[in-house]
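Written out below as structure tokens is the structure these notes cover.
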Ligand SMILES: Cc1cc2nc3c(=O)[nH]c(=O)nc-3n(C[C@H](O)[C@H](O)[C@H](O)COP(=O)(O)OP(=O)(O)OC[C@H]3O[C@@H](n4cnc5c(N)ncnc54)[C@H](O)[C@@H]3O)c2cc1C
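In my numbering, the protein residues as written are 7 to 464.
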């Protein structure tokens, strides 16, 4: 019936173009990854593929990753199907040529903190060790959508950290200088410049939390959290990685000589030469199965979103003093984060007084928010170390590795941590960037004290 498309091109002609495009994609994919790696011939997203699927009434889309039953044995098992675990599997396959890998997830992919967080991505941390780790990650974010051929909606809208006290001003200026010495962008804004950059903020000196300036990292931004997990899962699965959901690890098996031999799961025993744990708030529980005690405390951290409104908030604003952070999602919701609940818990929710305090303060900072209605709130289980810096390291058990302690701020590190964790697993030694982030630092005293530096790590 419709012989011509809206662009004045005939449908048979479009079909030939789409066929050639699909064939070219398969050939280029085979050349990049070889036959063995192509488990399911990942469908590429492009303008052509969208048109081709539209012409076929969108009936031709395949599942994004393979659904598999676990094999009896793997070279590497990754525990935890969040962004960090899936990303590590991707980089192990992509950069280290290792394919006999399984990611085991006790629930669904990204059902942990990955899809519960407020997605602030920045690298302006104080200490050299941290800023180099987070900057490694930020650089990977900048090319991630292209690398994965999956739109992770990384939006570099800047992150403005506002100062309310003389102490805040000194601390943030120190961050600006330290970052710039390390080649990381960060700049100081006066209250008037803050207002110009983010007009909804109230810079009156007569409010409870007056804005005395702010530090701005323009390359900082947000991303679509679950897309990151899905993008890594899709690309890893395509290279042969098995992704197994609804499979909880309930034990870590070891040989009489001590090294890891595999895991016990709710789907049975799976053997492995190496086991790598990326289980966020449950890391200490999983490592406890191998007799390792981690310096971690698991606390709930809450977030909430408002009803969607038109674009009104151009950047990310963080206030460490009142412990609030705000950005606007692409759907229009105000995404708001609060501080951690102070008690230890494994529930994905927290006390009402924490978001209530945050909302009171935010309403003072941005009076126009008073008329917004809140739609949803939730919590995640954050894994907090005493110095609020992560651990990405080998453990004392041969063949057992851990990437944890990201607490309230590990989403921004997803590609960087995954990339360096993969290196550590593949080479059995840390990359120079993650070498300081050991478990032993808590015994030896070589802390990377971002807790004291900023009191907040989101
Ligand atoms: C409310 C909130 C706001 C946040 N805001 C930010 C922010 O703005 N910016 C930022 O950088 N970070 C933020 N974070 C932190 C960030 O979300 C995390 O540090 C990061 O997502 C951790 O990723 P992950 O892949 O390690 O963990 P997760 O996504 O939690 O993945 C771990 C997975 O392990 C699985 N698992 C656990 N135990 C087992 C087991 N025994 N067997 C199998 N699987 C298991 C879990 O089910 C889970 O899916 C926030 C966190 C929360 C909760």
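Glycine is no exception: its CB is placed at the ideal position from the N, C-alpha and C atoms.
Just how far apart, CA to CA, sit residue 416 and residue 77?
Sequence index remark: in the chain shown, residue 416 carries index 410 (1-based). Sequence index remark: in the chain shown, residue 77 carries index 71 (1-based). Using only the alpha carbons, I get a separation of about 31 Å.
Can you tell me where the beta strand (DSSP E) holding residue 270 begins and where it ends?
Reading the chain shown from its first residue, position 264 is the one you call residue 270. Segment 266 to 271, the beta strand (DSSP E) holding residue 270.
Confirm the yes/no value for this check: CB of residue 360, any heavy atom of ligand 1, distance under 7 Å.
Position 354 of the chain shown, counted from the first residue, corresponds to residue 360. Flag unset: Cβ of residue 360 not near ligand 1.
Would you mind working out which of 179, 208, 185, 203 sits nearest residue 194, comparing C-alpha positions?
If you number the chain shown from 1, residue 194 lands on position 188. Comparing Cα positions, the closest option is 179.
Any heavy atom of ligand 2 inside 7 Å of the beta-carbon of residue 257?
Ligands present in the displayed structure are limited to ligand 1, and ligand 2 is not among them.
Any heavy atom of ligand 1 closer than 7 Å to the beta-carbon of residue 288?
Counted from its first residue, the chain shown places residue 288 at position 282. Yes, the beta carbon of residue 288 sits closer than 7 Å to at least one heavy atom of ligand 1.
Give a single yes or no on whether residue 350 has its beta carbon closer than 7 Å to a heavy atom of ligand 1.
Mapped onto the chain shown, residue 350 falls at position 344. Not so, every heavy atom of ligand 1 lies at least 7 Å from the Cβ.
Alpha-carbon to alpha-carbon, residue 249 and residue 402
Counting from one through the chain shown, the residue named residue 402 turns up at place 396. Counting from one through the chain shown, the residue named residue 249 turns up at place 243. Their backbone Cα atoms lie some 27 Å apart in a straight line.
Quick check: the segment 148 to 156 against the segment 225 to 245, are at least 3 beta-carbon pairs closer than 8 Å?
yes
Three-state secondary structure (DSSP) of residue 412
Here residue 412 corresponds to residue number 406 of the chain shown, with the count starting at 1. The answer is coil: DSSP assigns residue 412 none of H, G, I, E or B.
Do residue 366 and ligand 1 come close, with the Cβ less than 7 Å from some heavy atom?
Sequence index remark: in the chain shown, residue 366 carries index 360 (1-based). Because no heavy atom of ligand 1 lies under 7 Å away, the Cβ of residue 366 does not count as near it: no.
Where residue 342 falls: helix, strand or coil (DSSP)
One-based indexing of the chain shown puts residue 342 at position 336. If DSSP states are grouped into helix, strand and coil, residue 342 belongs with the strands.
Is DSSP giving residue 1 helix, strand or coil here?
Past the edges of the chain, shown from 7 to 464, lies residue 1, and the structure says nothing about it.
Assess, as a yes-or-no matter, whether the segment 275 to 294 is touched by the segment 79 to 88 under the definition of 3 or more beta carbon pairs within less than 8 Å.
yes
Residue 291 to residue 182 span [Cα, whole Å]:
One-based indexing of the chain shown puts residue 291 at position 285. One-based indexing of the chain shown puts residue 182 at position 176. For residue 291 and residue 182, the distance between alpha carbons rounds to 38 Å.
Tell me where the alpha helix (DSSP H) around residue 188 begins and ends.
In the chain shown, the residue the question calls residue 188 occupies position 182. Premise fails: residue 188 is in no alpha helix (DSSP H) and is neither H nor E.
Classify residue 172 as buried or exposed, calling it buried when 16 or more other Cβ atoms lie within 10 Å of its own Cβ.
Here residue 172 refers to the residue found at position 166 when the chain shown is read from its first residue. Under this definition residue 172 is an exposed residue.
Residue 421 to residue 89, Cα distance in whole Å?
One-based indexing of the chain shown puts residue 421 at position 415. One-based indexing of the chain shown puts residue 89 at position 83. Rounded to whole angstroms, residue 421 to residue 89 spans 8 Å at the Cα level.
Apart from the five residues just before and just after residue 228, which ones in its own chain have a Cβ nearer than 6 Å to its Cβ?
Along the chain shown, read from residue 1 onward, the residue named residue 228 stands at position 222. For residue 228, where only same-chain residues beyond five positions count, the Cβ hits under 6 Å are 125, 161, 333.
Taking only the alpha-carbon atoms, compute the straight-line gap between residue 245 and residue 127 and give it to the nearest angstrom.
In the chain shown, counting from the first residue as 1, residue 245 sits at position 239. In the chain shown, counting from the first residue as 1, residue 127 sits at position 121. Residue 245 and residue 127: Cα-Cα distance of roughly 27 Å.
How is residue 208 classed by DSSP in three states: helix, strand or coil?
The sequence position of residue 208 within the chain shown is 202, counting from 1. The answer is coil: DSSP assigns residue 208 none of H, G, I, E or B.
Going by the beta-carbon positions, is the gap between residue 430 and residue 437 smaller than 8 Å?
Within the chain shown, the letter at position 424 stands for residue 430. Within the chain shown, the letter at position 431 stands for residue 437. Their beta carbons are under 8 Å apart, which means residue 430 touches residue 437 by this criterion.
Give me the residue from 276, 174, 288 with the minimum Cα distance to residue 410.
For the purposes of this step, residue 410 is taken as the residue at position 404 of the chain shown. For residue 410, the nearest C-alpha among the options comes from 288.
Is the beta carbon of residue 439 closer than 8 Å to that of residue 426?
Residue 426 sits at position 420 when you count from the first residue of the chain shown. Residue 439 sits at position 433 when you count from the first residue of the chain shown. Closer than 8 Å, so yes.
Span of the beta strand (DSSP E), counted from its first residue to its last, around residue 384
To locate residue 384, count along the chain shown from 1; it is residue 378. Unbroken beta strand (DSSP E) run through residue 384: 380 to 390.
Is the beta carbon of residue 196 sitting closer than 8 Å to the one on residue 164?
Here residue 196 corresponds to residue number 190 of the chain shown, with the count starting at 1. Here residue 164 corresponds to residue number 158 of the chain shown, with the count starting at 1. No, these two residues do not count as a Cβ contact at 8 Å.
Measure the Cβ-Cβ separation of residue 339 and residue 383 and say whether it is below 8 Å.
The residue labelled residue 339 in the question sits at position 333 within the chain shown. The residue labelled residue 383 in the question sits at position 377 within the chain shown. Taking 8 Å as the Cβ cut-off, residue 339 and residue 383 do not qualify as a contacting pair.
Please work out which residues of its chain come closer than 8 Å, Cβ to Cβ, to residue 198, disregarding the five sequence neighbours upstream and downstream, and give them in chain order.
As a working mapping, residue 198 is identified with position 192 in the chain shown. So the list reads 209, once near-sequence residues are dropped.
Sort out for me which residues DSSP pairs residue 194 with in a bridge.
Taking the chain shown and counting its residues from 1, one reaches residue 194 at position 188. DSSP lists 221 as partners of residue 194.
Hey, could you find the ends of the alpha helix (DSSP H) residue 425 is sitting in?
Along the chain shown, one-based indexing puts residue 425 at 419. Segment 420 to 433, the alpha helix (DSSP H) holding residue 425.
What is the DSSP secondary structure of residue 166, reduced to helix, strand or coil?
For the purposes of this step, residue 166 is identified with residue 160 of the chain shown, where counting begins at 1. Here residue 166 sits in strand by DSSP.
How many Å lie between residue 114 and residue 75 at the Cα?
For the purposes of this step, residue 114 is identified with residue 108 of the chain shown, where counting begins at 1. For the purposes of this step, residue 75 is identified with residue 69 of the chain shown, where counting begins at 1. Going from the Cα of residue 114 to the Cα of residue 75 covers about 15 Å.
Kindly indicate which residue of 109, 266, 301 has the alpha-carbon position closest to the one of residue 253.
For the purposes of this step, residue 253 is taken as the residue at position 247 of the chain shown. Per the Cα distances, 109.
May I have a chain-ordered list of the alpha helix (DSSP H) segments no shorter than 4 residues that lie completely inside the segment 64 to 112?
89 to 102
For residue 442, which of helix, strand or coil comes out of DSSP?
Counting from 1 along the chain shown, the entry for residue 442 is found at position 436. Here residue 442 sits in coil by DSSP.
Under 8 Å, do residue 96 and residue 276 count as touching if we go by C-beta distance?
To locate residue 96, count along the chain shown from 1; it is residue 90. To locate residue 276, count along the chain shown from 1; it is residue 270. Their beta carbons are not under 8 Å apart, which means residue 96 does not touch residue 276 by this criterion.
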